[in-house]
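Q: Residue numbering for the sequence shown follows our numbering, beginning at 124 and increasing consecutively.
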Amino acid sequence: MSKQVRVRFAPSPTGPLHIGGVRTALFNYLFAKKHGGTFYLRIEDTDQNRFVPGAEEYIMEALEWLGISPDETVGKNEKFGPYRQSERKHLYQSYAEQLIANGWAYYAFDSSEDLDQLRKNTEEQGNTFIYNHTIREQLDNSLTVEADKVAERIAKGEDYVIRFKTPVNEILELKDIIRGDIKFDSNLLDDKVLFKSDGMPTYHLANIVDDHLMETTHVIRGEEWLPSLPLHFLLYKAFGWEAPEFAHLPLILKPVGNGKLSKRDGDKLGFPVFPLEWKTAEGISSGYREKGFFPEAVVNFLALLGWNDGTDKELYSLEELVEAFDLNRVHKAGAKFDPEKNKWFNHHYLMLQSDDDLAKAFAPFLYEKGISIDYTTLVKIVSSIKERANFVEEFWELGDFFFVAPEKYDEKATKNWKEETPLLMQNVADLLNEIEDFSSLNVETTVKAWMTEFEIGMGKVMQPLRLSVVGALKGPHLFDIIEIIGKEETIKRIEKAIASL
Ligand code: GLU
């Protein structure tokens with residue numbers, strides 16, 4: 124790679140960023156960092172009808188949360204600014220006019236009513252209407268209207284659009300890093316609108332002009348943009364500019380079936396499709412952050428949607444991804460989204476957190492329940508239950524007994540509560556009462572020594588003891604629990620079990 128790599132993420136701020144968009148941003152980020160290049164964020168907001176307030180801030184916040192913030196964007200290193208297309212509006216018209224001057228585009232005055240009528244008539248004859256070389260010379264545009272008339276109509280303020288004059292009978296030979304060589308027949312393309320008389324460019328024109336002016340070397344984007352590639356390729360040719368290299372990323376598919384994972388799938392399928400929660404008057408769409416995912420887990424599972432390093436390695440930090448990432452190893456085939464696997468990733472990153480951080484993350488859940496506990500104890504609790512959790516939120520279900528005595532006892536487990544059990548448990552309570560050093564290890568040694576001395580089977584004591592303390596046969600090492608809740612509470616729970624079982 125000879126040129127300094129410059130890649131971009133170019134979302135339109137039309138709502139919350141879909142997880143597929145986040146993957147596009149991530150792959151751009153990884154590619155840029157891998158090659159010591161620049162990753163910039165450009166906001167493509169030329170379609171004012173689809174503009175959604177808050178969407179741009181959402182995009183920035185999501186990238187920041189994931190640790191993949193752009194090097195350049197609105198308000199940050201604006202070397203090629205502005206980075207919002209609406210603020211670059213003044214740039215595009217002269218480029219559209221340049222194409223007209225060179226015979227690559229033309230003014231068209233056809234009203235949408237006329238075009239609708241034409242479309243209808245054509246469809247009635249069983250054909251599809253395409254505004255292209257087959258018909259453009261019969262329509263109301265600068266290819267059919269005299270130049271002075273065209274100028275007059277524009278001067279009078281008549282609405283017009285500028286359309287691309289797609290070349291006829293050309294086999295375009297396109298290249299895509301992921302898909303290889305693609306041949307495309309230019310006759311199949313329509314003459315896309317590039318510019319409108321309201322002064323706004325369409326996506327195609329603005330995108331190409333900006334990618335050129337902002338010195339983009341590689342365009343890495345979702346497969347849904349592949350159909351635009353022939354036109355984009357022709358636009359570069361028309362301007363006489365060197366085109367960037369292209370890479371179209373595979374679709375992200377629903378967990379079941381072959382459909383594309385869409386924005387609407389969100390909470391319908393029981394998992395978020397957005398990085399952050401998104402609230403509107405109609406409701407809330409859940410986000411990975413609010414669901415308790417660690418950003419490292421999201422980055423990790425997204426990286427593997429359509430890419431791997433050729434081995435079966437699955438766990439990568441962001442730094443490792445930068446190191447290993449290779450666009451040539453991105454697959455063509457759609458990548459299945461696996462929400463269950465995503466939880467597994469989260470578990471891995473949960474285990475990498477310090478107990479201190481986990482305790483801090485868990486504290487608000489306890490606060491909400493009105494439970495206060497000293498911090499050192501909380502750290503110990505968290506440390507003993509985290510192994511079984513995918514999310515911090517699950518700590519409560521996994522360890523509620525640390526904070527509150529059982530209200531009821533698991534019915535199946537009470538079968539082990541035999542006739543002799545109350546007496547045995549009373550003996551245990553008395554034994555515990557005598558112990559001075561109430562550490563897990565010492566309590567365990569003492570209780571086990573007592574069992575051996577009196578030849579009492581393990582099961583006879585351990586299961587009822589756990590049932591008394593926890594309310595069920597679950598939880599971490601019993602003597603760890605006993606140490607944490609303390610002597611007084613343990614004895615109280617044993618006595619309560621004797622009284623109620
Ligand atoms: N604005 C387009 C989008 O919303 C950009 C597509 C591209 O990367 O060229 O995804």
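Ideal Cβ placement from N, Cα and C applies to all residues, glycine included. Keep in mind it's a predicted model, so treat the numbers as computed, not measured.
1) Just to confirm, is the Cβ distance from GLU167 to PRO134 under 8 Å?
2) Following a CB-centred definition, is GLU167 positioned closer than 7 Å to any heavy atom of ligand 1?
3) What span of residues does the beta strand (DSSP E) with LYS298 cover, start to end?
4) Is the Cβ-Cβ distance between ALA370 and ASP299 less than 8 Å?
5) Jot down the residue ranges of each uninterrupted beta strand (DSSP E) in the stretch 331-372, minimum 3 residues, whole runs only, in chain order.
6) Within the present structure, is the beta-carbon of PRO134 separated from the nearest heavy atom of ligand 1 by less than 7 Å?
7) Measuring straight from C-alpha to C-alpha, what distance separates ARG616 and TYR472?
8) Sort LYS531, GLY522, ALA552 by Cα distance to ASP603 and report the nearest one.
9) I need the straight-line Cα distance from GLU530 to GLU520, nearest angstrom please.
10) Apart from the five residues on each side of it in sequence, which residues of its chain come closer than 6 Å, Cβ to Cβ, to HIS256?
11) I want to check one thing, is the minimum distance from the CB of VAL332 to the heavy atoms of ligand 1 below 7 Å?
12) Look up ARG412 in the DSSP assignment and say whether it is helix, strand or coil.
13) Rounded to a whole number of angstroms, what is the C-alpha to C-alpha distance between ASN250 and LEU262?
14) Using a threshold of 8 Å, state whether the C-beta atoms of HIS327 and LEU312 are closer than that.
15) Going by DSSP, what residue range makes up the alpha helix (DSSP H) through TYR229?
16) Quick check: the Cα distance between GLU442 and ALA155, rounded to an integer number of angstroms?
17) Does DSSP put GLU542 in a helix, a strand or coil?
18) May I ask you to list the residues that DSSP assigns as paired with TRP430?
19) According to the Cβ coordinates, are ASP314 and THR289 closer than 8 Å?
20) Contact check, VAL130 vs GLY160 under 8 Å by CB: the rounded distance?
21) Check whether the stretch 328-339 and the stretch 274-281 touch, using three or more Cβ-Cβ pairs below 8 Å as the test.
22) The alpha helix (DSSP H) that contains VAL291, what's its start and end?
23) Kindly indicate which three-state DSSP category ARG387 falls into: helix, strand or coil?
24) Does the distance between the C-beta of ARG344 and the nearest non-hydrogen atom of ligand 1 fall short of 7 Å?
25) Quick one: what's got a C-beta closer than 8 Å to MET581's C-beta in the same chain, skipping five residues either side?
26) GLU275 by DSSP, collapsed to three states: which one?
27) Confirm the yes/no value for this check: CB of LYS152, any heavy atom of ligand 1, distance under 7 Å.
28) Given a cut-off of 8 Å, decide if PRO324 and THR169 are closer than it, judged by their beta-carbon atoms.
29) Alpha carbons only, please: which of HIS355, ALA552, LYS319, GLY190 is nearest the one belonging to ILE309?
30) Got a sec: does ligand 1 put a non-hydrogen atom nearer than 7 Å to the Cβ of TYR439?
31) Can you tell me the Cα-Cα spacing of GLY625 and GLU400, whole angstroms?
32) State yes or no: is the C-beta of LEU376 nearer than 7 Å to some heavy atom of ligand 2?
33) Measuring CB to CB, does LEU547 end up less than 8 Å from ILE579?
34) Determine the contact status of PHE485 and PHE518, defining contact as a CB-CB distance below 8 Å.
35) Look up PHE524 in the DSSP assignment and give the residues it is bridged to.
A: Short version:
1) Against a cut-off of 8 Å, the Cβ pair of PRO134 and GLU167 comes out as a contact.
2) Checking the Cβ of GLU167 against ligand 1 gives yes.
3) Per DSSP, LYS298 is one residue of the beta strand (DSSP E) stretching across 294-299.
4) Yes, they are a contact pair.
5) Runs found: 341-345, 368-372.
6) At least one heavy atom of ligand 1 is nearer than 7 Å to the Cβ of PRO134, so yes.
7) If you take the alpha carbons of ARG616 and TYR472, they lie about 35 Å apart.
8) Closest option to ASP603, Cα to Cα, is GLY522.
9) Going by the C-alpha atoms only, they are around 14 Å apart.
10) For HIS256, where only same-chain residues beyond five positions count, the Cβ hits under 6 Å are VAL291.
11) In terms of side-chain proximity, the C-beta atom of VAL332 is found no nearer than 7 Å to any non-hydrogen atom of ligand 1.
12) The DSSP-derived three-state label of ARG412 is coil.
13) Going by the C-alpha atoms only, they are around 18 Å apart.
14) Going by beta carbons, HIS327 and LEU312 fall outside the 8 Å limit.
15) Per DSSP, TYR229 lies in no alpha helix (DSSP H); the unbroken beta strand (DSSP E) holding it starts and ends at 228-231.
16) The C-alpha of GLU442 lies about 13 Å from the C-alpha of ALA155.
17) Here GLU542 sits in coil by DSSP.
18) DSSP lists VAL453 as partners of TRP430.
19) A contact, by the Cβ cut-off of 8 Å.
20) Indeed, because the Cβ distance is near 7 Å, the residues count as touching under 8 Å.
21) Verdict: no, contact absent.
22) Counting along the chain, VAL291 sits inside no alpha helix (DSSP H), nor does DSSP assign it H or E at all.
23) Per DSSP, reduced to three states, the secondary structure at ARG387 is helical.
24) Checking the Cβ of ARG344 against ligand 1 gives yes.
25) Apart from the 5 residues on each side of it in sequence, MET581 sits with its Cβ closer than 8 Å to the Cβ of MET574 in its chain, given in chain order.
26) Note: GLU275 maps to helix in three-state DSSP.
27) A small correction: the amino acid at residue 152 is Tyr; Lys does not occupy that position in the sequence shown. TYR152: no, Cβ never under 7 Å from ligand 1.
28) Their beta carbons are under 8 Å apart, which means THR169 touches PRO324 by this criterion.
29) Correcting the residue identity first, residue 309 is Ser in this sequence and not Ile. HIS355 is the residue among HIS355, ALA552, LYS319, GLY190 whose C-alpha sits nearest the C-alpha of SER309.
30) At a threshold of 7 Å, TYR439 does not count as near ligand 1, since its beta carbon sits no closer than that to any of the ligand's heavy atoms.
31) The shown model of the chain, from 124 to 624, leaves out residue 625, and the question about it has no answer.
32) Summarising the ligand content, the structure contains ligand 1 and does not contain ligand 2.
33) Taking C-beta atoms as the reference points, LEU547 and ILE579 count as a pair closer than 8 Å.
34) In terms of Cβ geometry, PHE485 and PHE518 form a close pair [threshold 8 Å].
35) Paired residues: none, contrary to the question.
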